[in-house]
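K.L.:
Below is the structure I would like to discuss, written out as structure tokens.
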Amino acid sequence: MSPTRVTAAFWEALYRRDWDDVATFFGPESIYFDVPTGPSTAARGPVDVVRRLRLGLDGLSGYEHSGEPLVVADGEVVITEHTEVWHWHTGESVALPFVSVQRVRDGVILVWKDYWDYQTLLGASPAWWQERLFSDDLSWVHDATGHPLV
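The sequence shown begins at 85 in the working numbering and counts up one residue at a time.
Shown next, in the form of structure tokens:
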């Protein structure tokens, strides 16, 4: 499967929050991190990538993709510009623009970097969600600083 098809299937699984399916797109050395927090707060491997995703997304009452993404690919690199809309059960919501850069090889996402604005998220999210974010189990954190693909 081409890198573009791999990432398209990955996004479908993520928007369904099908964590078992999401995990299948990553290998044991795969790295995922949010650029605003840096590679020192990365997750490595399928289990920890899913744990990191669930930290932010499990507290949402709604999670959807807005509009048609812009996808650009060059070899094994796929760049997806998209907007995610996050909803909390207490009534807050935010449209969060992203640029996601994913390097895919042999059907596996090796590196995934998400570019987004931290203040857009924190300014819209409820205090209880932020407290959970900062006080939850962070044993999944992997420092990917200096990783050759990061």
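Note that beta-carbon positions come from the ideal geometry of N, C-alpha and C, so glycine has one too. Quick caveat: nothing in here was measured; it's all calculated off a predicted structure.
1. Could you tell me which whole beta strand (DSSP E) segments of length 3 or greater appear in the stretch 95-167?
2. Does DSSP put residue 222 in a helix, a strand or coil?
3. Count the CB pairs spanning the stretch 206-219 and the stretch 108-120 that are closer than 8 Å, and state whether there are at least three.
4. How many angstroms separate the CA atom of residue 204 from the CA atom of residue 108?
5. Can you tell me the Cα-Cα spacing of residue 227 and residue 123, whole angstroms?
6. Counting C-beta neighbours from all protein chains within 10 Å, is the total for residue 168 16 or more, i.e. buried, or is it exposed?
7. Could you tell me if residue 133 is buried or exposed, where buried requires 16 or more neighbouring beta carbons within 10 angstroms of its beta carbon?
8. When you compare the stretch 86-101 with the stretch 160-177, are there three or more beta-carbon pairs, one atom per stretch, that lie closer than 8 Å?
9. What do you reckon, are the CB atoms on residue 192 and residue 129 nearer than 7 Å?
10. Beta strand (DSSP E) containing residue 233: first to last residue?
11. Per DSSP, what are the beta-bridge partners of residue 178 in this structure?
12. Tell me where the beta strand (DSSP E) around residue 200 begins and ends.
13. State the Cα-Cα distance for the pair residue 113 and residue 126, rounded to the nearest angstrom.
P.N.:
Inspection of the coordinates gives the following:
1. Fully enclosed beta strand (DSSP E) runs of no fewer than 3 residues occupy 110-118, 126-128 and 146-158 of the stretch 95-167, in order along the chain.
2. Here residue 222 is taken as the residue at index 138 of the sequence shown, counted from 1. Reduced to three states, the DSSP call for residue 222 is coil.
3. Result no; under three Cβ-Cβ pairs closer than 8 Å.
4. Counted from its first residue, the sequence shown places residue 204 at position 120. Counted from its first residue, the sequence shown places residue 108 at position 24. Taking C-alpha positions only, residue 204 is separated from residue 108 by approximately 30 Å.
5. As a working mapping, residue 227 is identified with position 143 in the sequence shown. As a working mapping, residue 123 is identified with position 39 in the sequence shown. When the Cα atoms are used, residue 227 and residue 123 turn out to be separated by approximately 6 Å.
6. Stepping through the sequence shown from its first residue, residue 168 is reached at position 84. Residue 168 is buried by the Cβ-count criterion.
7. By one-based count along the sequence shown, residue 133 stands at place 49. So residue 133 counts as buried.
8. Verdict: yes, contact present.
9. Counted from its first residue, the sequence shown places residue 192 at position 108. Counted from its first residue, the sequence shown places residue 129 at position 45. In this structure, residue 129 does not lie closer than 7 Å to residue 192 by Cβ.
10. Mapped onto the sequence shown, residue 233 falls at position 149. Where residue 233 is concerned, there is no enclosing beta strand (DSSP E), given that its DSSP letter is neither H nor E.
11. Working through the sequence shown from its first residue, we reach residue 178 at position 94. Among the bridge pairs identified by DSSP, residue 178 is matched with 170.
12. Here residue 200 corresponds to residue number 116 of the sequence shown, with the count starting at 1. For residue 200, no beta strand (DSSP E) encloses it, and the DSSP letter there is neither H nor E.
13. Start at 1 with the first residue of the sequence shown, and residue 113 comes out as number 29. Start at 1 with the first residue of the sequence shown, and residue 126 comes out as number 42. The straight-line gap from Cα to Cα measures roughly 12 Å.
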